[in-house]
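Q: Residues in the sequence shown are numbered from 1 upward in steps of one, following our numbering. One structure, as structure tokens, below. Some questions next.
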Amino acid sequence: MIPIMRPVMGDAEEAAVLRVLRSGWITQGAEVAAFEEAFAAQVGAPFACAVSSCTTALHLALLVAGVGPGLEVITASHSFIASANAVRYCGADPVFVDIEPHTFNMDPCLLEQAITARTAAILCVHQMGMPCDLEAILAIAARHGLPVIEDAACAAGSEIRWHDRWEPVGRPHGDIACFSFHPRKVISTGEGGMITTARPDWDERFRRLRQHAMSIPDTRRHAANTVSFESYPEVGYNYRMTDIQAALGREQLKRLLDIVRVRRARAARYGALLKTRPELELPHEPTWARSNWQSFCVRLPAGIDQAAVMQGLLDEGIATRRGIMCAHREPAHGVPDRSAALPVSEFAQDRGLLLPLHHTLTDEEQDHVVSALVRACALD
Ligand SMILES: *Cc1c(COP(=O)(O)O)cnc(C)c1O
Numbered sequence: 001m002i003p004i005m006r007p008v009m010g011d012a013e014e015a016a017v018l019r020v021l022r023s024g025w026i027t028q029g030a031e032v033a034a035f036e037e038a039f040a041a042q043v044g045a046p047f048a049c050a051v052s053s054c055t056t057a058l059h060l061a062l063l064v065a066g067v068g069p070g071l072e073v074i075t076a077s078h079s080f081i082a083s084a085n086a087v088r089y090c091g092a093d094p095v096f097v098d099i100e101p102h103t104f105n106m107d108p109c110l111l112e113q114a115i116t117a118r119t120a121a122i123l124c125v126h127q128m129g130m131p132c133d134l135e136a137i138l139a140i141a142a143r144h145g146l147p148v149i150e151d152a153a154c155a156a157g158s159e160i161r162w163h164d165r166w167e168p169v170g171r172p173h174g175d176i177a178c179f180s181f182h183p184r185k186v187i188s189t190g191e192g193g194m195i196t197t198a199r200p201d202w203d204e205r206f207r208r209l210r211q212h213a214m215s216i217p218d219t220r221r222h223a224a225n226t227v228s229f230e231s232y233p234e235v236g237y238n239y240r241m242t243d244i245q246a247a248l249g250r251e252q253l254k255r256l257l258d259i260v261r262v263r264r265a266r267a268a269r270y271g272a273l274l275k276t277r278p279e280l281e282l283p284h285e286p287t288w289a290r291s292n293w294q295s296f297c298v299r300l301p302a303g304i305d306q307a308a309v310m311q312g313l314l315d316e317g318i319a320t321r322r323g324i325m326c327a328h329r330e331p332a333h334g335v336p337d338r339s340a341a342l343p344v345s346e347f348a349q350d351r352g353l354l355l356p357l358h359h360t361l362t363d364e365e366q367d368h369v370v371s372a373l374v375r376a377c378a379l380d
């Protein structure tokens with residue numbers, strides 16, 4: 001069986017977890033602090049705050065950026081459902097704009113017309129690791145005085161061309177960026193997330209809110225030799241990452257560049273093998289973007305049954321996934337009167353097919369995927 005993804009875990013990760021289990025401190029503590037420091041250095045961010053997932057990272061990011069009841073957040077429907085869910089957690093409404101056909105990312109040309117007096121923030125997504133057009137999005141946001149939050153869940157290790165230099169996605173270039181360490185992403189802590197920002201006041205609020213807004217953290221009370229009592233000035237959350245996860249994350253982070261190098265080579269090889277099949281549309285990397293290829297999504301020809309192709313591949317021992325789902329089509333977020341206005345998003349969901357791509361995928365396995373795909377689509 002060729003899985004869609006396989007996390008890279010080795011002896012270093014095992015030793016790291018064991019070290020924490022034997023240390024006497026297993027929840028958020030010194031390992032989390034060290035992981036945050038290493039992650040901030042990796043992406044070039046002034047501040048990085050670890051949390052329990054990217055979903056909780058997005059929730060805190062939106063709250064701290066001022067999103068609340070009665071307000072709107074402009075985002076992509078064509079994303080994992082967490083993007084839209086996080087907006088709802090704040091009591092606000094997601095307003096969906098369509099995507100560009102070739103990058104699967106928010107179309108900046110449609111952004112300005114979606115802004116209303118209720119718009120509180122823009123939540124853009126670096127979908128499947130492909131950087132979105134931040135330069136255009138940030139220019140529009142600046143004209144309207146709106147904060148920009150980057151859903152960089154898939155984008156650890158991706159790069160964007162910025163002032164004539166390649167920079168890691170999530171520095172952040174907007175106001176806040178949120179990352180995921182779910183096993184479907186390129187590096188994993190089982191579950192986990194990270195919030196980066198350049199604003200010290202916002203970083204401070206993330207740290208409070210992830211821990212029930214506790215005024216004196218438990219780590220500080222534990223280390224003190226005088227007794228002190230904490231207080232809870234506002235309602236916060238338990239969005240902590242554990243030290244077990246953080247220790248894993250520190251080892252995963254050391255592998256990030258190598259993992260991305262291998263994924264890029266595998267994506268390029270899919271491109272070379274499939275370019276003789278013009279019926280299959282391949283993903284497109286703009287000149288200013290370098291994806292980490294968290295997913296490799298081909299578009300199936302018109303008139304082909306997506307589920308039948310996936311079943312055909314599964315019968316040959318190959319796991320695939322359909323294109324990224326559209327939140328507006330789900331009962332949780334259905335906006336029936338607006339759904340017709342997202343044709344590119346719907347097209348991407350219905351025609352997209354995600355192929356297996358992972359660190360240990362071999363040439364033989366990749367050849368098998370390509371020939372099985374050609375058979376399943378009856379292209380020969
Ligand atoms: C995976 C993903 C998330 C959610 O990440 P979790 O860490 O699982 O909460 C959010 N947004 C996008 C675009 C994702 O792909």
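Note that beta-carbon positions come from the ideal geometry of N, C-alpha and C, so glycine has one too.
Please classify His126: is it buried, with 16 or more other beta-carbons within 10 angstroms of its beta-carbon, or exposed?
A: By one-based count along the sequence shown, residue 126 stands at place 126. Label assigned to His126: buried.
Q: Would you tell me roughly how many angstroms separate the C-alpha atoms of Val309 and Ser215, rounded to the nearest one?
A: Here residue 309 refers to the residue found at position 309 when the sequence shown is read from its first residue. Here residue 215 refers to the residue found at position 215 when the sequence shown is read from its first residue. Those two C-alpha atoms are separated by around 55 Å.
Q: Which runs of the beta strand (DSSP E) at least 3 residues long sit entirely within the segment 282 to 367? Give them in chain order.
A: With a minimum length of 3 residues, the continuous beta strand (DSSP E) runs that stay inside the segment 282 to 367 are 296 to 299 and 352 to 355.
Q: Counting Cβ pairs closer than 8 Å, one from the segment 231 to 248 and one from the segment 262 to 273, do we hit at least three?
A: Judged by Cβ distances under 8 Å, the segment 231 to 248 makes no contact with the segment 262 to 273, as fewer than three pairs qualify.
Q: Taking all protein chains shown into account, decide if Pro131 is buried (16 or more other Cβ within 10 angstroms of its Cβ) or exposed.
A: What you label residue 131 is simply residue 131 of the sequence shown in a count that begins at 1. Its Cβ being crowded by 16 or more others within 10 Å, Pro131 is buried.
Q: Glu72 bridges to which residues according to DSSP?
A: By 1-based counting over the sequence shown, the position of residue 72 is 72. The partner list for Glu72 (beta bridge, DSSP) reads Asp93 and Thr119.
Q: Using 7 Å as the cut-off, classify the Cβ of Ser53 as near or not near the heavy atoms of ligand 1, replying yes or no.
A: By 1-based counting over the sequence shown, the position of residue 53 is 53. Within the cutoff, so yes.
Q: How big is the Cα-Cα spacing for Glu36 and Leu253?
A: Counted from its first residue, the sequence shown places residue 36 at position 36. Counted from its first residue, the sequence shown places residue 253 at position 253. Near 11 Å, if we compare the C-alpha coordinates of Leu253 and Glu36.
Q: Using only the heavy atoms of ligand 1, determine whether one of them is closer than 7 Å to the beta carbon of His182.
A: Translated into positions along the sequence shown, residue 182 becomes position 182. Flag set: Cβ of His182 near ligand 1.
Q: Is there a C-beta anywhere in chain B that falls below 8 Å from the one on Val20?
A: Here chain B cannot be found, since the structure has a single protein chain.
Q: Just to confirm the assignment, what range does the beta strand (DSSP E) spanning Thr219 have?
A: To locate residue 219, count along the sequence shown from 1; it is residue 219. Thr219 -> not in any beta strand (DSSP E); alpha helix (DSSP H) instead, spanning Asp218 to Ala223.
Q: Under three-state DSSP, which class holds Leu379?
A: Here residue 379 corresponds to residue number 379 of the sequence shown, with the count starting at 1. It is coil, neither helix nor strand.
Q: Between Ala121 and Ala38, how many whole angstroms is the CB-CB distance? I'm expecting something under 8 Å.
A: The count along the sequence shown starts at 1 and reaches residue 121 at position 121. The count along the sequence shown starts at 1 and reaches residue 38 at position 38. Not confirmed; about 28 Å, so no contact.
Q: Distance check for Cys326 and Ser339, CA to CA, integer angstroms please.
A: Looking up residue 339 in the sequence shown gives position 339. Looking up residue 326 in the sequence shown gives position 326. Any answer about Ser339 is weak, because its pLDDT of 47 lies below 50 and its placement is not dependable; what the coordinates show is given next. In a straight line, the C-alpha of Ser339 is about 10 Å away from that of Cys326.
Q: Does the count of Cβ pairs from the segment 38 to 47 and the segment 163 to 174 closer than 8 Å reach three?
A: Contact between the segment 38 to 47 and the segment 163 to 174 is present, because at least three Cβ pairs lie under 8 Å.
Q: Which residues in the same chain as Pro69 place their Cβ atom closer than 6 Å to its Cβ, once the five residues preceding and following it in sequence are excluded?
A: On the sequence shown, position 69 is the one that residue 69 refers to. These residues qualify, in order along the chain: Gly91.
Q: Using the C-alpha atoms, what's the distance from Thr56 back to Arg210?
A: Here residue 210 refers to the residue found at position 210 when the sequence shown is read from its first residue. Here residue 56 refers to the residue found at position 56 when the sequence shown is read from its first residue. Computed Cα separation, rounded: 9 Å.
Q: Within a Cβ cutoff of 8 Å, which residues of the same chain sit near Ala12, ignoring the five residues on either side of it in sequence?
A: For the purposes of this step, residue 12 is identified with residue 12 of the sequence shown, where counting begins at 1. Answer for Ala12: Glu251 and Lys254, listed in chain order.
Q: Using a Cβ-Cβ cutoff of less than 6 Å, which residues in the same chain neighbour Tyr89 once the five nearest sequence positions on both sides are dropped?
A: Against the sequence shown, residue 89 aligns to sequence position 89. The residues are His59.
Q: Go through its chain and collect everything with a Cβ distance to Trp162's Cβ below 7 Å, but skip five positions before and after it.
A: Stepping through the sequence shown from its first residue, residue 162 is reached at position 162. Correct list, in chain order: His173.
Q: Buried or exposed for Ser228, please, with buried defined as at least 16 other CB atoms from any protein chain shown within 10 angstroms of its CB.
A: Here residue 228 refers to the residue found at position 228 when the sequence shown is read from its first residue. By the 10 Å Cβ count, Ser228 comes out exposed.
Q: Quick one: residues in its chain with C-beta nearer than 7 Å to the C-beta of Val20, no 5 flanking neighbours on either side, listed in chain order?
A: In the sequence shown, counting from the first residue as 1, residue 20 sits at position 20. Once the five neighbours on either side are set aside, the close Cβ partners of Val20 are Ile26, Glu31, Asp243, Ile244 and Ala247.
Q: Would you decide whether Ser231 is buried or exposed? Buried here means 16 or more other CB atoms lie within 10 Å of its CB.
A: Translated into the one-based positions of the sequence shown, residue 231 becomes position 231. Exposed, since its Cβ has fewer than 16 Cβ neighbours within 10 Å.
Q: How big is the Cα-Cα spacing for Ile4 and Thr119?
A: Indexing the sequence shown from 1 puts residue 4 at position 4. Indexing the sequence shown from 1 puts residue 119 at position 119. Each residue's Cα considered, the two are about 37 Å apart.
Q: Between Ala48, Leu146, Gln113 and His144, which lies nearest to Phe179 when the distance is taken from Cα to Cα?
A: As a working note, residue 179 is residue 179 in the sequence shown. Among Ala48, Leu146, Gln113 and His144, the Cα nearest to that of Phe179 is on Ala48.
Q: Tell me the DSSP secondary structure of Val125 in three-state form.
A: Against the sequence shown, residue 125 aligns to sequence position 125. Three-state DSSP puts Val125 in a strand.
Q: Only counting runs of 3 or more residues, tell me where the beta strand (DSSP E) segments fall wholly within the segment 169 to 212, in order along the chain.
A: Taking only runs of at least 3 residues, the beta strand (DSSP E) segments lying wholly in the segment 169 to 212 are 176 to 180 and 193 to 197.
Q: In chain order, what residues of the same chain lie with their CB nearer than 8 Å to the CB of Cys124, ignoring the 5 residues before and after it?
A: Indexing the sequence shown from 1 puts residue 124 at position 124. Only Thr75, Ala76, Asn105, Met106, Cys132, Leu134, Ile137, Val148, Ile149, Glu150, Asp151 and Gly174 meet the Cβ criterion.
Q: Let me check understanding here. Comparing Cα to Cα, which of Ala82, Phe296 and Val370 lies closest to Cys54?
A: Start at 1 with the first residue of the sequence shown, and residue 54 comes out as number 54. Selected option, being the one with the closest Cα: Ala82.
Q: Look at the Cβ atom of Leu357, then the Cβ atom of Ala267, and state whether they are nearer than 8 Å.
A: Counting from one through the sequence shown, the residue named residue 357 turns up at place 357. Counting from one through the sequence shown, the residue named residue 267 turns up at place 267. Result yes, Cβ atoms of Leu357 and Ala267 sit closer than 8 Å.
Q: Quick check on the burial criterion: 16 or more other C-beta atoms within 10 angstroms. Buried or exposed for Leu361?
A: Position 361 of the sequence shown, counting from 1, holds the residue named residue 361. Flag for Leu361 reads buried.
Q: Quick check: what's the CA-CA separation for Asn225 versus Ala33?
A: Within the sequence shown, the letter at position 225 stands for residue 225. Within the sequence shown, the letter at position 33 stands for residue 33. Roughly 21 Å between the two C-alpha positions.
Q: Going by alpha carbons, who is nearest to Leu110 out of Asp367, Val344, Gly352 and Leu314?
A: Working through the sequence shown from its first residue, we reach residue 110 at position 110. The candidate whose alpha carbon is nearest that of Leu110 is Val344.
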